[in-house]
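Chemist:
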Amino acid sequence: KQEVTQIPAALSVPEGENLVLNCSFTDSAIYNLQWFRQDPGKGLTSLLLIQSSQREQTSGRLNASLDKSSGRSTLYIAASQPGDSATYLCAVLKTSYDKVIFGPGTSLSVIP
Amino acid sequence: GAVVSQHPSWVICKSGTSVKIECRSLDFQATTMFWYRQFPKQSLMLMATSNEGSKATYEQGVEKDKFLINHASLTLSTLTVTSAHPEDSSFYICSASSGGGYEQYFGPGTRLTVT
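Chains as they are written, first to last, in this note's numbering: chain C, 1 to 112; chain V, 1001 to 1115.
1. Report yes or no: is there a C-beta of chain C within less than 7 angstroms of the C-beta of Phe1106/V?
2. Where does Asp1088/V fall in DSSP's three states?
3. For Asn32/C, is the classification buried or exposed, using 16 other Cβ atoms within 10 angstroms of its Cβ as the cut-off for buried?
4. I'd like to confirm the pairing. Which residues does DSSP put opposite Ser52/C in its beta bridges?
5. Should Val1003/V go down as buried or exposed, given a rule of 16 or more other Cβ atoms within 10 Å for buried?
6. Taking Cβ positions only, does Gly43/C come closer than 7 angstroms to chain V?
7. Is there at least one Cβ from chain C nearer than 7 angstroms to Ser1043/V's Cβ?
8. May I ask which residues mark the beginning and end of the beta strand (DSSP E) holding Asn63/C?
9. Of all the options Ser1077/V, Phe1091/V, Leu1112/V, which has the alpha carbon lying nearest to the alpha carbon of Leu1026/V?
10. Taking only three categories from DSSP, how would you classify Pro1040/V?
11. Judging by CA-CA distance, which residue of Asp98/C, Ile111/C, Tyr88/C, Val100/C is the nearest neighbour of Ala9/C?
12. Measure from the alpha carbon of Cys1094/V to the alpha carbon of each residue in Ser1054/V, Thr1017/V, Ser1050/V, Lys1066/V, then state which is nearest.
13. Just the C-alpha distance for Ser1089/V and Phe102/C, rounded to the nearest angstrom, thanks.
14. Considering only residues of the same chain and omitting the five flanking positions on each side of Leu966/V, which have a CB-CB separation below 7 angstroms?
15. State the Cα-Cα distance for the pair Ala1056/V and His1071/V, rounded to the nearest angstrom.
16. Between Pro1086/V and Ile1012/V, what straight-line distance do the alpha-carbon atoms span, to the nearest angstrom?
17. Please go through the region 1055 to 1079 of chain V and give each complete alpha helix (DSSP H) segment of 4 or more residues, from N-terminal end onward.
18. Nearest CA to the CA of Phe25/C: which residue from Leu19/C, Glu17/C, Gln34/C?
19. Is Ser80/C buried or exposed, if buried means 16 or more other CB atoms sit within 10 Å of its CB?
20. By Cβ distance below 6 angstroms, which residues in the same chain neighbour Ser1097/V in space, the five residues on each side in sequence not counted?
21. Residues of chain C with a CB under 9 angstroms from the CB of Ile1093/V: which are they?
22. Please work out which residues of its chain come closer than 8 angstroms, Cβ to Cβ, to Val1062/V, disregarding the five sequence neighbours upstream and downstream, and give them in chain order.
23. Confirm, please, whether the CB-CB distance from Ala1030/V to Leu1079/V is below 7 angstroms.
24. Just to make sure I have the definition right: I need the residues of chain V whose C-beta is within less than 7 angstroms of the C-beta of Phe102/C. Which are they?
Here you go:
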């Protein structure tokens, strides 16, 4: 059974800092891994999708890496801004027709 | 990117009544739709998977007679919470996929409050 964990559960940093969010999954046989952002009371915003054959994806100040063999992914946020404050969820898909398994999320607070 | 809408975005209903939530794929045909539930300060948990024209597959512990899912067309799936109780109050999110490993696109969610 696939389990997804995220460390840390919460993080508070001053504006401008670079930071790393971690995601681990127990079954390395995944189809893809996706990072989402969720603002309080809101839905999900897809940030980055990494296919199983890829090692990383970049979008603006965000960079996500994937190491399938070790069951890990990291989300790197450069030059953090107060607007980055949100909960970040990682999610894995086992097969193309399967359900997405979500991690518990990391709550990020960027202090001005 | 593909757009998935949900209606309503929020709803308040009285205990014992039923409420229907719609999930629509606006610019693609969704062969598969997923319904998730999120309780406060928890992550999303899959409730059921529905394929167009077929009965939904429910996750263990989800009452199929309470949470009725219909996926009658390639662009619409509905979730009906029957005889709602306060413990059903939650954030419900759907996602849609055109299948074949394509990305799942998530709706904006529906916040249900049962009083």
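Glycine is no exception: its CB is placed at the ideal position from the N, C-alpha and C atoms.
Modeler: Working from what's here:
1. On the second sequence, position 106 is the one that residue 1106/V refers to. Taking Cβ atoms only, chain C reaches closer than 7 angstroms to Phe1106/V, which makes this a yes.
2. In the second sequence, residue 1088/V corresponds to position 88, counting from 1. It is helical.
3. Here residue 32/C refers to the residue found at position 32 of the first sequence. Buried is the call here.
4. Within the first sequence, residue 52/C is the residue found at index 52, counting from 1. None, per the DSSP bridge assignment.
5. What you label residue 1003/V is simply residue 3 of the second sequence in a count that begins at 1. Exposed, because fewer than 16 other Cβ atoms sit within 10 Å of the Cβ of Val1003/V.
6. Counted from its first residue, the first sequence places residue 43/C at position 43. With 7 angstroms as the cut-off, Gly43/C counts as an interface residue toward chain V.
7. Position 43 of the second sequence, counted from the start, is the residue given in the question as residue 1043/V. Yes, Ser1043/V lies at the interface with chain C (some Cβ there is under 7 angstroms from its Cβ).
8. In the first sequence, counting from the first residue as 1, residue 63/C sits at position 63. Unbroken beta strand (DSSP E) run through Asn63/C: 62 to 67.
9. As a working note, residue 1026/V is residue 26 in the second sequence. Selected option, being the one with the closest Cα: Ser1077/V.
10. For the purposes of this step, residue 1040/V is taken as residue 40 along the second sequence, with counting starting at 1. Residue state, collapsed to three classes: coil.
11. Stepping through the first sequence from its first residue, residue 9/C is reached at position 9. Comparing Cα positions, the closest option is Tyr88/C.
12. Counting from one through the second sequence, the residue named residue 1094/V turns up at place 94. Cys1094/V has its Cα closest to that of Ser1050/V, out of Ser1054/V, Thr1017/V, Ser1050/V, Lys1066/V.
13. If you number the second sequence from 1, residue 1089/V lands on position 89. If you number the first sequence from 1, residue 102/C lands on position 102. About 20 angstroms.
14. The structure shown has nothing for residue 966/V, since chain V only spans 1001 to 1115.
15. The sequence position of residue 1056/V within the second sequence is 56, counting from 1. The sequence position of residue 1071/V within the second sequence is 71, counting from 1. Each residue's Cα considered, the two are about 8 angstroms apart.
16. Translated into the one-based positions of the second sequence, residue 1086/V becomes position 86. Translated into the one-based positions of the second sequence, residue 1012/V becomes position 12. Cα to Cα, the separation comes out at about 10 angstroms.
17. none
18. On the first sequence, position 25 is the one that residue 25/C refers to. For the residues Leu19/C, Glu17/C, Gln34/C, the minimum Cα distance to Phe25/C belongs to Gln34/C.
19. Residue 80/C sits at position 80 when you count from the first residue of the first sequence. It is buried - the Cβ of Ser80/C has at least 16 other Cβ atoms within 10 Å.
20. Mapped onto the second sequence, residue 1097/V falls at position 97. Thr1032, Gln1104.
21. Mapped onto the second sequence, residue 1093/V falls at position 93. Gly43, Leu44, listed in chain order.
22. Your numbering for residue 1062/V matches position 62 in the second sequence. Excluding sequence neighbours, Val1062/V sits near Met1047, Ala1048.
23. Within the second sequence, numbered from 1, the residue matching residue 1079/V stands at position 79. Within the second sequence, numbered from 1, the residue matching residue 1030/V stands at position 30. Contact: no.
24. Position 102 of the first sequence, counted from the start, is the residue given in the question as residue 102/C. Residues of chain V passing the Cβ test: Ser1043, Leu1044.
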